[in-house]
Every structure is written in C-alpha cells, then in structure tokens.
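First up is the structure itself, then whatever we jot down about it.
In the working numbering, the protein residues as written are 4 to 137.
Structure representation (structure tokens):
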C-alpha cells in the first residue's frame, strides 16, 4: 500500500482556451475585413462563450490520498473514505469523457463527475496502488 497523494486538477484557464480565444478573434477580424456580415453572429456567440469560460474559470479535480478520495467540482466537494470503496468501474470512452462509478461496501453506487477525472489508465493505476479493484 502506498502513502503517496495523487492530485488532478483541470480548469478553463489553460493554453487551449487561450488558443480558442485567439482563433475566434482572428476569425472575427477576417470576417470584419471581408465584410462577411453573416459570420458576425456565430463568431460573436463563439467569442462570448470562450470569454465567459475564461472569466468564470470553472475548475474540477480530485485528490487521492492513503485513506480518502476527495472530488471537487466548482464549489461542491465530496469526500469518500477508501475503506468504503469496494470496487471502481472506470470506463474509457473514445468520443466523450471517461466515466467512474464507485461501488461502496454497503451496495451504494457513486458516479464521479467526469470533469474531475484524470485519464482512465492513470485513474485505474492509482486505485490499484491503493488496493481498490477496477
């Protein structure tokens, strides 16, 4: 059994979001120069969404320690003792988020928010290091 802590964190302010902002601004500028009035609405909506995400900066993640699993998404936080987890069903999806459903020792099931999960392979490895079958 390991005593290491594993921490995974994801937030909106990252290079990909800034790249999306730059591409949107470049597209808006080209549309403005060429007089493409029909492109103004979709490009404007796209830019508003990207700017909103940058300003709000939603974050999610997990901390996996030697005795507990902590999941946070925005302002919500949940802690689950590892002793209560009987099995973790981690599913890798090709075209959407990975999924993780925890089966508790009392028979209850807990679905973890997909935004808070690391890649499935890493999550399986971390659970296995702590003696939880996947």
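All C-beta atoms in this analysis are idealised placements derived from N, C-alpha and C, irrespective of residue type, glycine included.
Here the structure is a predicted model, which means the values were calculated and not measured.
>> Using a Cβ distance threshold of 8 Å, determine whether the region 71-84 contacts the region 34-52, with at least three qualifying pairs required.
In response: The region 71-84, when compared against the region 34-52, does not touch it at the 8 Å Cβ threshold.
>> Suppose you measure from the CA of residue 107 to the CA of residue 62; what does that come to, to the nearest Å?
In response: Residue 107 sits at position 104 when you count from the first residue of the chain shown. Residue 62 sits at position 59 when you count from the first residue of the chain shown. If I take the Cα positions, the gap works out to 26 Å.
>> What does the Cβ neighbour count give for residue 131, buried or exposed, with the cut at 16 atoms within 10 Å?
In response: To locate residue 131, count along the chain shown from 1; it is residue 128. Residue 131 should be labelled exposed.
> Got a sec, what are the start and stop residues for the alpha helix (DSSP H) residue 53 sits in?
Replying inline: Reading the chain shown from its first residue, position 50 is the one you call residue 53. Note, residue 53: alpha helix (DSSP H), 43-59.
> With respect to the alpha helix (DSSP H) encompassing residue 125, which residues constitute its N-terminal and C-terminal limits?
Replying inline: Residue mapping note: residue 125 aligns to position 122 of the chain shown, counting from 1. Element bounds for residue 125: 123-132.
>> Rounded to the nearest angstrom, what separates residue 18 and residue 110 at their Cα positions?
In response: Locating residue 18 in the chain shown gives position 15, where the first residue counts as 1. Locating residue 110 in the chain shown gives position 107, where the first residue counts as 1. If I take the Cα positions, the gap works out to 41 Å.
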